[in-house]
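Trainee:
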Amino acid sequence: MSILHRLSALPIRHKILLSIIGTSLIVVLLSTAVYLTVGWVGLKNKAVDEIETTANMFAQNVSAALSFGDVSAAGDLLLSLKALTELERACVYDKNAGGVLFASYTPAAKGLQCPKELAAVPEDLAGSLLHREKVFVGQDQLGTVVLQRSTDDLQGAMGLSVLVAVGMVLVSSLIAFLLTSFFRRLIEQPITQLVATTQRVSEESDFGLRAEKFANDEIGTLFDSFNGMLAQIQSRDLALSLAHDELKQQVTEVEEANAALNTTLKQLRETQEQLVNQEKMASLGGLVAGVAHEINTPIGVGVTAASTLHAATEDMSASYEAGRLTDSGLRKYVQTAIQSAGILLNNLNRAANLIHSFKQVAVDQTSSELRQFDLHNYLEEILLSLLPKLKKTNISVELNVPDNLLMQSFPGAFSQIITNLLMNSLVHAYPDTKEGTIRIDVDQEGEQIALHYRDDGVGMDRAALDKVFDPFFTTRRGDGGSGLGMHIVYNLVTQQLRGRIRMDSKPGEGVHVTLQIPQKLSMEEVA
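Numbering (my numbering), first residue to last: 7 to 533.
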């Protein structure tokens, strides 16, 4: 863990204490270091000046002794330096003699000797000040004076200064600590109180609490901002609580409304299913009535033929019993029997075909069986079952379907679709017994069957076209229209047959209904 990370984890009172004392200590130490450095440099410079001045004066005085080679005089002059207690040695070297030692003074207490030659004198010595001063007479150099001074007195003076500086640092640190401890409370106490308030707010979730303000400084501004924030949170929390209660009430109302809507929707679906079933039954009832009327004619003719044959047979039997049966009478009976039997057979076959078509279509319309069927033959059976309706109009139906086109689908749905489309055209497209033609064309497009239903009736405008598949929409409500026919067609195509349906029409141009239906459906697809 780094030092900065450790410091950041300290309590704020420790941070304040460390920051103030640390800053004060660094400043005092830097000031002390500068003071000691300046003091040392000053003492050393003063000592250098003193030894330079002494060497310069001594060089002037000893010049005469060097000129005359008077060693005794030079020695006497060197003894005058005894007053300099810090002097370690004084040496005079004669240049004319090759820089050899001319005279010297070495205090016995120092225990030092002058080198025999000037060249052996070092340039600098640790713990001492060494100064060389050349001796001139006029422009001629006669020799060199070397003075060596001890720095023990300077170090002693600096040691005392260091002790004084250390004392000042300790006293300053103590004063800084005491002052920091006192003024720290002015900062620490408000912040501690603010922290305590925030903890209570967090634990109790009571945004009505407020922090007590201590002063009008920056910390006081922080308290004002914190209290203002609590007030805003309290206000928003109250508004949120009210909004939550209101939302809860609205949710309850929406749930109740949804429950009512679901109930109404369920009732509407049940009603719609009932109406659809009624529509199916009405269509089936109309089919039954029409087929019954159509069957009545061949049955009536058959009954007449049977009655005629029965009467002729009784006459022949009576003539035979009475012995009055002649060849001509027998031939007449046979001709009558053949004619009556032919008429009876033709009309019974016609009735049987009508009954077969009606039975197949009626069964399919009332069941939802998935089976295979020939589309061309099945459409012909549907048209045959609708023949009683078509015979009452001037409308012809043209069927254009490929032979042997097998479908795996719901024939009952096809029957209801074609029946509703035809009845819709008969009721709406051809008013006042208008003549017309209805075409049903079927094309195979890959795995899809395209069934095109067209009539050349009155057509419809855009407003009616947009609503044609809506439930309960009809333009003949006053004439008994339920408005469910095309809605049933749309649901059968899109839901049961898994196909698509589109209607195009313009006023005066008839309608064109296009069905796109899969040729083969599987039980998995319709499950």
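Using N, Cα and C, we set each Cβ at its ideal position, and we do this for glycine too.
1) How would you write the range of the beta strand (DSSP E) that Tyr496 sits in, first residue to last?
2) Which of the three DSSP states is assigned to His299 in this structure?
3) Excluding the five sequence neighbours on either side, which residues of its own chain have a C-beta within less than 8 Å of the C-beta of Leu336, listed in chain order?
4) Over the uninterrupted beta strand (DSSP E) stretch that includes Ala96, give me the two end residues.
5) Just to check my reading of the structure: Asp461 and Val407 have Cβ atoms closer than 8 Å, yes? What is that Cβ distance to the nearest angstrom?
6) Taking 7 Å as the limit between beta carbons, can you name the residues of its chain near Leu381, skipping five residues before and five after?
7) Quick check on Leu160: buried or exposed, where buried means 16 or more other Cβ atoms within 10 Å of its Cβ?
8) Please tell me whether Leu457 and Leu521 are closer than 8 Å, where the distance is taken between their beta carbons.
9) Compare the Cα-Cα distances from Thr91 to each of Gln154, Lys526 and Thr29 and report the closest residue.
10) Between Leu148 and Lys101, how many whole angstroms is the CB-CB distance? I'm expecting something under 8 Å.
11) Under DSSP, the beta strand (DSSP E) around Lys140 begins and ends at which residues?
12) Could you check the C-alpha separation between Glu210 and Val257 for me, to the nearest Å?
13) So what's Pro524 in DSSP terms, helix, strand or just coil?
14) Is the beta carbon of Val98 less than 8 Å from the beta carbon of Ser110?
15) Applying the criterion that 16 or more other CB atoms from any shown protein chain within 10 Å of the CB defines a buried residue, is Met235 buried or exposed?
16) First and last residue of the beta strand (DSSP E) that includes Val474?
17) Pairing CB atoms from the segment 380 to 400 with CB atoms from the segment 470 to 482, are three or more of them under 8 Å?
18) Please report the distance separating the alpha-carbon of Met509 from that of Ala249.
19) Return helix, strand or coil for Asn406, following the three-state DSSP convention.
20) Based on the DSSP secondary-structure assignment, which residues constitute the bridge partners of Ala456?
21) Taking only the alpha-carbon atoms, compute the straight-line gap between Ala70 and Asp55 and give it to the nearest angstrom.
22) Helix, strand or coil for Gln240, going by three-state DSSP, please let me know.
23) Measuring CA to CA, which of Arg242, Asn67 and Lys395 is closest to Thr150?
24) So, Pro417 versus Tyr384, is the Cβ gap smaller than 8 Å?
25) Roughly how many whole angstroms lie between the Cα atoms of Ile305 and Lys395?
26) Along the chain, where does the alpha helix (DSSP H) that runs through Met429 open and close?
27) Just to confirm, is the Cβ distance from Thr332 to Leu315 under 8 Å?
Mentor: Based on what the coordinates show:
1) Run containing Tyr496: none in the beta strand (DSSP E); it sits in the alpha helix (DSSP H), Gly491 to Asn497.
2) Note that His299 scores 49 on pLDDT, short of 50, meaning its location in the model is unreliable and no value can be drawn from it.
3) So the qualifying residues of the chain are Met322.
4) Leu93 to Asp100 is the span of the beta strand (DSSP E), which, as asked, contains Ala96.
5) The C-beta separation of Asp461 from Val407 comes to about 17 Å, leaving the pair out of contact by the 8 Å criterion.
6) By the criterion of a C-beta distance shorter than 7 Å, Leu381 is surrounded in its chain by Val407, Leu411, Met413 and Val448, once the five residues flanking it on both sides are discounted.
7) Leu160 counts as buried, since at least 16 other C-beta atoms from the protein chains shown sit within 10 angstroms of its C-beta.
8) Closer than 8 Å, so yes.
9) For Thr91, the nearest C-alpha among the options comes from Gln154.
10) The C-beta distance from Leu148 to Lys101 rounds to 6 Å, short enough to fall under 8 Å.
11) Element bounds for Lys140: Ser134 to Val143.
12) Those two C-alpha atoms are separated by around 29 Å.
13) The answer is strand: DSSP assigns Pro524 an E or B state.
14) For the 8 Å CB-CB criterion, Val98 and Ser110 form a contact.
15) Classification of Met235: exposed, given that the 10 Å Cβ count is below 16.
16) DSSP places Val474 in no beta strand (DSSP E); its state is neither H nor E.
17) Cβ pair count under 8 Å is below three, so no.
18) The alpha-carbon atoms of Met509 and Ala249 are separated by roughly 50 Å.
19) Strand at Asn406.
20) In the DSSP output, where bridge partners are listed per residue, Ala456 has Asp449 and Gln522.
21) Using only the alpha carbons, I get a separation of about 24 Å.
22) In the displayed model, Gln240 falls within a helix according to three-state DSSP.
23) The option with the nearest alpha carbon to Thr150 is Asn67.
24) Taking 8 Å as the Cβ cut-off, Pro417 and Tyr384 qualify as a contacting pair.
25) Computed Cα separation, rounded: 19 Å.
26) Looking at the DSSP string, the run of the alpha helix (DSSP H) that includes Met429 is Pro417 to Asn430.
27) Not closer than 8 Å, so no.
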